[in-house]
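Okay, so the sequence shown: first residue is 1037 according to the numbering used here, each after it adds one.
Each residue gets a CB set at the ideal place from its N, CA and C atoms; glycine is no exception.
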Amino acid sequence: MTTMTKTVAMAAGLALAAITAQPALAQNTAATGTIVPGLGVASFDAVIANSNAFRNAEQQRQTTYKAQYDQARTRNDALNAQIKPLVDKFNADRQGGKVGQAALEQQAGAIQQIQENGRAELQRILQPVSLSQAYVNEQIEDKLNDAVKAAMTKKKVSLLLSPDAILAVNGGAYNLNQDILNELNTALPSAQLVPPAGWEPRQVREQRAQAAAAQGQAAPAAAPAAQPSGR
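Here it is, written out as structure tokens:
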């Protein structure tokens, strides 16, 4: 069994950082050599992360959801304080060689259970934050397609590739990031931060609709009503 040397790190990945590092928006207009007419590259993730709507929402969220952030930090610290002595005891018992394997596994299981319960609790606390992030991203994504089309039209780009999809180019491709970003900022200067009551992310709505459609198809057709017999 691997020695446990760390307490639970719950803050990571739970939106507790003030503003996470965002993909950089490349400024160069070409990759290498002469620009290939009609060929462009763009990173949608970088464009979204550098948009005014996204960046402003990230800053505003720290104030709007301060209570949730503070509660999550406080609870995270308490959980780490609870787990640390258990981890220290586990490591000491394992290294001492006087505690049997079954007892060590029981200790490890208890620690893992606390960790899992703690992560679930922090996710519940930060659920409003996660919904806000999904709500803002969806608003931006709804405008992104038109922004891409407008930028491609203005720069006469007929083929747009992701940087990750390019293995080699004999020449250069126009970097459309800034052009798309300009169009996106114009179309959506800011986004609504707090979703309306009962709002669900697009993925959840689509899954719910698919489940309802599948259930409707599986349901047997209603039997025709019995007709009264004639006398």
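Okay, do the stretch 1145-1157 and the stretch 1181-1201 touch, 3+ Cβ pairs below 8 Å being the bar? no
Same chain, Cβ closer than 6 Å to Pro1059, five either side skipped, listed in chain order: Asp1081, Ala1082, Ala1085
Validate contact between the stretch 1222-1232 and the stretch 1105-1119 using beta carbons, cut 8 Å, 3 pairs: no
Residue closest to Ile1216, alpha-carbon to alpha-carbon, out of Gln1131, Ala1250, Lys1179: Lys1179
In chain order, which continuous runs of the beta strand (DSSP E) of length 3 or greater are located wholly inside the stretch 1143-1207? 1195-1197
Relative to the alpha-carbon of Val1240, which residue among Gln1104, Glu1174, Pro1121 has its alpha-carbon at the smallest distance? Glu1174
Do Ser1079 and Pro1199 count as a contact pair if the criterion is CB distance below 7 Å? yes
Give every residue of the same chain whose Cβ lies closer than 6 Å to the Cβ of Leu1075, excluding the five residues on either side of it in the sequence, and list them in chain order. Leu1195, Ala1209
So the candidates are Arg1238, Gln1131, Gln1251, Val1077; which of them puts its Cα closest to the Cα of Asn1211? Val1077
Give the single residue among Gln1107, Phe1126, Tyr1101, Tyr1171 whose Cα lies nearest to the Cα of Gly1154. Gln1107
Closest to Leu1162 by C-alpha separation, out of Arg1244, Asn1088, Arg1097, Phe1090, would be which residue? Arg1097
Using the Cα positions of Asn1092 and Ala1227, report the straight-line distance between them to the nearest angstrom. 8 Å
Judging by CA-CA distance, which residue of Asn1213, Ala1138, Ala1249 is the nearest neighbour of Lys1185? Asn1213
Can you tell me whether DSSP reads Tyr1101 as helix, strand or coil? coil
Straight-line gap, Ser1166 to Gly1136 (C-alpha atoms, nearest Å): 43 Å
Can you tell me whether DSSP reads Leu1061 as helix, strand or coil? coil
Spatial neighbours of Gln1143 within its chain, please: CB distance less than 6 Å, with the 5 preceding and 5 following residues excluded, ordered by chain position. Phe1126
Nearest-angstrom Cα separation, counted from Asn1218 out to Gly1069: No answer about Gly1069 holds up, because its pLDDT of 49 lies below 50 and its placement is not dependable.
Here's the rule I'm using: 16 or more other beta-carbon atoms within 10 Å means buried, otherwise exposed. How should Ala1183 be labelled? buried
Starting from the C-beta of Thr1100, find all residues in its chain whose C-beta is less than 8 Å away, skip the five residues before and the five after it, and write them out in chain order. Ser1168, Leu1229, Val1230
Is Asn1221 closer than 7 Å to Asn1088 when the C-beta atoms are compared? yes
Count the other CB atoms, across all protein chains shown, that sit within 10 Å of the CB of Ala1187; report buried if there are 16 or more and exposed otherwise. buried
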